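For reference, the structure discussed in these notes is given below.
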Amino acid sequence: MRSLKITSVLVLFVLVLASCSTVKVATDYDKDVNFNQYQSFAFFKPGIDKAEISDLDKKRILRAIESEMLQKGFTKSDDPDLLVSIFTKTKENINIYNNNYGYGYGWGWHPWYWGAGYNTVNSTTEGTLYIDLIDAGKKELVWQGMGTAALAKDVDRKQERINEIVEEILEKYPPGKN
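Be aware that the sequence shown starts at -16, since it is given in the working numbering, and climbs by one per residue.
Have a look at this one:
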């Protein structure tokens, strides 16, 4: 019986830990495009300048995208096949946990209430990163990836979390690979 309790606590712990690191990803693309034709990329500065995040976070995101694109066999070029642009959205999630556990009788009023109830308030920032791949010749959007995840507030953990989000998004490129 005791091993069952320990096992269930460990399973719950692993599920909670896994849920903290998940990235929800969605993609969309032009089905008429042959993605094998793209070999090089560059960043689309006008689009990136519009992203409403700090310049430091922009640098972190662009570093992560560049690393992933290079790993996929792309080359960075002044005359690219693809232009890469980003934009972001953030949302503050506030969670309130109420625990009014105690003893008494009946519903409603409790004249002999023992135990303490407690409330906890927790806030997290959830961010969505959009990565747009634009055909440089036609100036048309050909692929878009979107990743939503809880953001890290710790500066040391930020780059690691951004790398994880970008990797999850670009894992879905090129379409049909997965």
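In this text, a Cβ means the ideal position worked out from N, Cα and C, and glycines have one as well.
Just so you know, these numbers come straight off a predicted model, no measurement behind them.
- An exposed status is given to L53, since fewer than 16 other beta-carbon atoms sit within 10 Å of its beta-carbon.
- Around the CB of L39, fewer than 16 other CB atoms lie within 10 Å, so the residue is classed as exposed.
- 8 Å or more divides the Cβ of I44 from the Cβ of I79.
- Judged by DSSP in its simplified three-state form, D61 adopts coil rather than helix or strand.
- Rounded to whole angstroms, the gap between the alpha carbons of R144 and G159 is 26 Å.
- Contact between the stretch 53 to 67 and the stretch 105 to 123 is established, with three or more Cβ pairs separated by less than 8 Å.
- Separation of the CB atoms of A133 and E151 is rounded to 13 Å, and the pair is thereby denied contact status at 8 Å.
- Sorting T10, I117, T73 and T71 by C-alpha distance to the C-alpha of S23 places I117 at the top.
- Under the three-state reduction of DSSP, G30 is assigned to helix.
- By the neighbour-count criterion, in which a residue is buried when 16 or more other Cβ atoms sit within 10 angstroms of its Cβ, K155 is buried.
- Shown here, A133 sits in a strand according to DSSP, grouped into three states.
- Assignment of D40 by DSSP, reduced to helix, strand and coil, places it in the helix class.
- Relative to the Cα of P29, the nearest Cα in the group I48, D115 and N17 belongs to D115.
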